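Student: Next up is a structure, given as structure tokens.
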Amino acid sequence: SLVVPSFGHSSAEVTTTLDLHGEMAQNGSTAQNTADIDESLYSRQLYVLGHEAMLRMARSDVLISGMRGLGVEIAKNIILSGVKSVTIHDQGVCTTADLSSQFYLNESSLGKNRAEACLQALTELNTYVTVAAHTQPLTEDFLKRFSVVVLTDTPLAEQLSISSFTHAHNIALIVADTRGLFGQIFCDFGETFRVVDTNGEQPVSVMVASISKDKEAVVTCLDETRHGLEDGDYVTFTEVSGMTEINNCPPMKVKVLGPYTFSVGDTTQFGDYLRGGIATQVKMPKDIKFKSLKDALTEPEYVISDFAKMDRQDQLHLGFQALHAYEAKHSRLPRPWNKEDAAEVVALAKEKNASSAKPLESLDEKLLSALAHISSGSLCPMQAVIGGITAQEIMKACSGKFNPIQQWFYFDALECLPQSGAVSEESATLLADSRYGAQACVLGAEVQKKLAAQKYFLVGAGAIGCELLKNFAMMGLGAEDGCIYITDMDIIERSNLNRQFLFRPWDVGRMKAGTAAGAVKKMNPDVKIVAHENRVGVDTENIYTDDFFEALDGVANALDNVDTRIYMDRRCVYYRKPLLESGTLGTKGNVQVVIPHLTESYSSSQDPPEKSIPICTLKNFPNAIEHTLQWARDEFEGLFRQCAENSVQYLKDPRFMEKTLKLPGNQPLEVLEGVKQMLVDERPTSFADCIAWARLRFQDQYSNQIRQLLYNFPEDQTTSSGALFWSGPKRCPKPIEFDPNETLHMDYIVAAANLRAAMFGLPKCTDREEIARVLKLVKVPPFEPRQGVRIAVTDAEAQQSMGGPTDQERLTILQKELPTPACLKDVKLTPLEFEKDDDTNFHMDFIVAASNLRAMNYKIAPADRLRSKLIAGKIIPAIATTTSLVAGLVCLELYKLVQGHNKLELYKNGFVNLALPFFGFSEPIAAKKNKYNNHEFTLWDRFEVQGEMTLREFIDYFKNEHGIEITMLSQGVCMLYSFFMPAAKVEERLKLLMSEVVKKVSQRPIDPHVRALVFELCCNDKDGEDVEVPYVRYLLPK
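The opening position of the sequence shown corresponds to residue 1 in UniProt numbering, with each subsequent residue numbered one higher.
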């Protein structure tokens, strides 16, 4: 890399302008200073922050002082986020102690300036961000250049000096530190700081049933829909009939009266409410005044990190000041687990407290001693926790998005210490000269040895997977006799680079697991990693066998879907292995630890199912952009995938017709009509045919079907009760007349025609003038409304119409009309799988155009491409800060698992929301206890039965040994035995060995890798009552 002195910086500063791969690092003055945020890179973060906040960040210069473990974690997160520039500052040189948690330093960095040594690696994280290193003392002239100043590893006297300058000059200041298992953050964003959005949630929108004419007007929601508003929120109104003055009014303050009602102030001067209306929440800015560090030290305000430790905030506030005093006096931190040094820190805390204007009534000497004992430690998971939170605070300071910490935050994870609560000084210093010295000085050499022997399975190498793998490597997990297995079947995409920090632009297209493993091996060459590219599931149980799982010490999930999470959870319960489960959604994150025989499992509790959109709403009565986007997704699947898949099956599968005719209801007719249309009636032979098809489709969807709907239900139609049919959630539509001069109309034609061409292997065309010329030649038949057409108004009616009898005569004709597959052997047809992240494939172009045209039909506000992609693509918003925090919390739980902590209260499930900010921790829920015949059991228990035995012997064994009578016996989806089976069948099976019964019923052999079968039992107890019992693990002979 070329390293040159940067513009305007002293010779002690360096900035990288050309990376090793010849890709120019844009210096923040190009793409990000315009309205063009790179959506292909930042899309997942844009869904969290929005364009405005991202643009404000792209104009921000950030200084981070201190490039040890915490400083580099903060720098990594904030560079990924896309600020204008980051200057990293450090005057110190790399020592062995730094290698415990500074993942961009290694043995070759020893003796070099820390900031300069990690500059290149940080620069590679984001080519849009200028990264510079500064190695001289911080002067006021230098500090003036920055929007945000972050201090780590900085003496208190220097913090106070810098704070007085930054506060006076309206520069945001953040102080962050970790001391072993303790962390501290302080924020000062100036005298007047405006928060434009306190929580980042989508504004609530509800349909109105009535508004009273009153001094405190009561708004009632339609159809008893919960409004989701809170006292003090603001709303504005649209589409209200009668009381029209309230439409587009200035925001009105809400007072919640109940789940379906709220008041909004005086409406006595307005007209009488007639009908309709939508109330939409308005985000109001909030102004905050911050104290300087000097004032905040004596009058602290806290954000609580753990409600079970509320009494610790004041103690730690004092303790950190005592540590600063100790360090100022001795030019070093207290020695690890040294009683003498700890006693001096406690004495300094007492002095400090005595001289305070508001002294604490009593000091927690045990807590303060623990702080002193482990203060010289540096643990990568703690840096991840504090570094993730701090980086989010920087983003708040730059953008005004989300509520900042006011003003102190203290966090501790003392539960990670050995269960005895203490480590000997000898054990704490035994590894002082190794790369793990700064971790071992907290937990002891014995724990380090246990970490090195662990065998862990990490499932997923995405955002959380990358962070976990980095933490595992720095902790030394599996570094000696152990191993880390990682699997992910995905390839790296450009949109991953913004938060999956182990990947670089030149890795795009490579496999995630192998690339992540390679990146982490550079951070710690000792670590042993085996990378796989497999999906975990039933299909790979021949790879992830009994032997594989039984050799593991635990599993960490880093997954993005519930089904695989549940599968891995069940595997861990079966093999009785601990599971570390986590997830993020924008600024929200959660961590769950699953411990054999102690806690419930991940599957023990589940989120409620997603709210589905009623069929009739989608088909005829949409009232929100979510409805039109789902309709557009269904349209894509029907036009470009499902029908094409059926047609390909018709051409390739000799049994297709036989299978299709067995389908229920009207489905055989629908499938064969679709196949005939695709292969015969509407098969294109040129791009012009594709254009004509798209034009006719446009006419049918956005004009003819709407006209038919209005023919059935005219605008002034009333219901049997006299109410207008088109009211409430039913919006009266208007047909659209095609106009080639309307961009949206042409967007639809271009996308639909090109998708059609792609299916049939025809050349594409995006020349709009040529397409417009062909459109003039397309004959569009005039529309005549059809008589006797029934349109379903409710889902019940829709279900009824779908389940009607098949027109057998039409079905017979269709079978005769369809050419044989042999006659169609030259047809090229490829079903299209929806892919949201490829901007060249027309998939999202079609979705956006189709949805917004339908929105236009129903006078619904359209959605831009970014929002459309979020909703239609079911994208999970993501940001690097939350990922870093969550991965840190997971690894704090891992410390406990490795040591074998067996007290439930020592473990922490966590839920966080960095936007608020909110931190909630709770003891995991204990495994539920069940009983049969006075025997207690939990989900972790089972019957272990050594095979082989016959079914009769199996049934007798449970009757004689456990006093239970088996009434039903199943394996997976196969029913092996039940009391209601025909006697002859039961008699036949009773004589067979259990494995033979399984093979007979499932009609497939038992795979060679299977060492045990799992049986589920329904039983009666001794009194003949139904009773729940554990499952059976039936061991097959070796």
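The beta-carbon is built from N, C-alpha and C at its ideal position, and this holds for glycine as well.
Because the structure is a prediction, the values reported are computed rather than measured.
My understanding is that residue 261 touches residue 220, with C-beta atoms under 8 Å, so please give their C-beta distance in whole angstroms.
Tutor: The Cβ separation is near 5 Å, so the contact holds.
Student: Between residue 510 and the rest of its own chain, which residues show a CB-CB distance below 6 Å, the 5 nearest in sequence each way excluded?
Tutor: So the qualifying residues of the chain are 492.
Student: Among 953, 912, 313, which one has its Cα closest to the Cα of residue 588?
Tutor: Taking only the C-alpha atoms, the option nearest residue 588 is 912.
Student: Do three or more CB pairs link the region 417-434 to the region 302-317 at distances below 8 Å?
Tutor: Touching, no.
Student: Helix, strand or coil for residue 252? Go by DSSP, reduced to three states.
Tutor: The answer is strand: DSSP assigns residue 252 an E or B state.
Student: Consult DSSP for residue 967 and reduce its assignment to one of helix, strand or coil.
Tutor: It is a strand residue.
Student: Please report the distance separating the alpha-carbon of residue 485 from that of residue 124.
Tutor: Roughly 27 Å between the two C-alpha positions.
Student: Mark residue 130 as exposed unless 16 or more other C-beta atoms lie within 10 angstroms of its C-beta, in which case mark it buried.
Tutor: Residue 130 is buried by the Cβ-count criterion.
Student: If we ignore side chains and look at the alpha-carbon of each, how far apart do residue 751 and residue 624 end up?
Tutor: In a straight line, the C-alpha of residue 751 is about 23 Å away from that of residue 624.
Student: Would you give the residue range spanned by the alpha helix (DSSP H) that residue 399 belongs to?
Tutor: Taken as a continuous stretch (DSSP letters only), the alpha helix (DSSP H) holding residue 399 covers 380-399.
Student: Would you give the residue range spanned by the alpha helix (DSSP H) that residue 631 belongs to?
Tutor: Per DSSP, residue 631 belongs to the alpha helix (DSSP H) from 625-636.
Student: Could you name the residues that DSSP lists as bridge partners for residue 1018?
Tutor: The partner list for residue 1018 (beta bridge, DSSP) reads 968.
Student: Taking contact to mean at least 3 C-beta pairs separated by less than 8 Å, is the region 539-559 in contact with the region 453-468?
Tutor: Yes, since at least three Cβ pairs between the region 539-559 and the region 453-468 fall closer than 8 Å, the two stretches touch.
Student: According to DSSP, is residue 657 helix, strand or coil?
Tutor: Helix, per DSSP.
Student: Distance, Cα to Cα, residue 432 vs residue 180?
Tutor: So the two alpha carbons sit approximately 15 Å from each other.
Student: Count the other CB atoms within 10 Å of the CB of residue 652; is the residue buried (16 or more) or exposed (fewer)?
Tutor: Residue 652 should be labelled exposed.
Student: Tell me where the alpha helix (DSSP H) around residue 141 begins and ends.
Tutor: Here the alpha helix (DSSP H) through residue 141 covers 140-143.
Student: Here's the rule I'm using: 16 or more other beta-carbon atoms within 10 Å means buried, otherwise exposed. How should residue 167 be labelled?
Tutor: Residue 167 should be labelled buried.
Student: Please state whether DSSP places residue 597 in a helix, a strand or coil.
Tutor: Residue 597 falls in the coil class under three-state DSSP.
Student: Just the C-alpha distance for residue 43 and residue 816, rounded to the nearest angstrom, thanks.
Tutor: About 51 Å.
Student: Do you know offhand how far residue 387's Cα is from residue 967's?
Tutor: Going by the C-alpha atoms only, they are around 57 Å apart.
Student: To the nearest angstrom, how far is it from the Cα of residue 552 to the Cα of residue 487?
Tutor: So the two alpha carbons sit approximately 14 Å from each other.
Student: Taking the alpha carbon of residue 1083 as the reference point, which residue from 902, 1011, 756, 103 has its own alpha carbon closest?
Tutor: One cannot answer for residue 1083 here, as it falls past the ends of the chain, which runs 1 to 1038.
Student: Where does residue 520 fall in DSSP's three states?
Tutor: Of the three classes helix, strand and coil, the one that applies to residue 520 here is helix, per DSSP.
Student: Within 10 Å of its beta-carbon, does residue 777 have 16 or more other beta-carbons around it, so buried, or fewer, so exposed?
Tutor: Answer is exposed; the Cβ neighbour count stays below 16.
Student: Please report the straight-line C-alpha distance between residue 445 and residue 930, rounded to a whole angstrom.
Tutor: Distance between the alpha carbons of residue 445 and residue 930 is about 41 Å.
Student: Would you give the residue range spanned by the beta strand (DSSP E) that residue 408 belongs to?
Tutor: It spans 408-412 - the beta strand (DSSP E) in which residue 408 sits, taken as one unbroken run.
Student: Cα-Cα, which of 178, 162, 177 is closest to residue 171?
Tutor: Answer by Cα proximity: 162.
Student: I need the boundaries of the beta strand (DSSP E) containing residue 871, first residue and last residue.
Tutor: Where residue 871 is concerned, there is no enclosing beta strand (DSSP E), although the alpha helix (DSSP H) it sits in stretches over 865-872.
Student: Using the DSSP secondary-structure output, state which residues sit across from residue 920 in a beta bridge.
Tutor: DSSP, once it has assigned bridges, lists 911 as partnering residue 920.
Student: Compare the Cα-Cα distances from residue 448 to each of 38, 894, 273 and report the closest residue.
Tutor: Ranking the options by Cα distance to residue 448, first place goes to 894.
Student: Going along the chain, which residues of its own chain have a beta-carbon closer than 7 Å to the beta-carbon of residue 627, five neighbours each way excluded?
Tutor: These residues qualify, in order along the chain: 613, 617, 618.
Student: Can you tell me the Cα-Cα spacing of residue 197 and residue 1030, whole angstroms?
Tutor: If you take the alpha carbons of residue 197 and residue 1030, they lie about 50 Å apart.
Student: If I follow the unbroken beta strand (DSSP E) through residue 177, where does it start and stop?
Tutor: 172-179 is the span of the beta strand (DSSP E), which, as asked, contains residue 177.
Student: Tell me where the beta strand (DSSP E) around residue 937 begins and ends.
Tutor: Note, residue 937: beta strand (DSSP E), 935-937.
Student: Could you pull out every residue in the same chain whose Cβ sits closer than 7 Å to the Cβ of residue 849, ignoring the five residues on either side in sequence?
Tutor: Closer than 7 Å at Cβ, skipping near neighbours: 744, 747, 748, 751.
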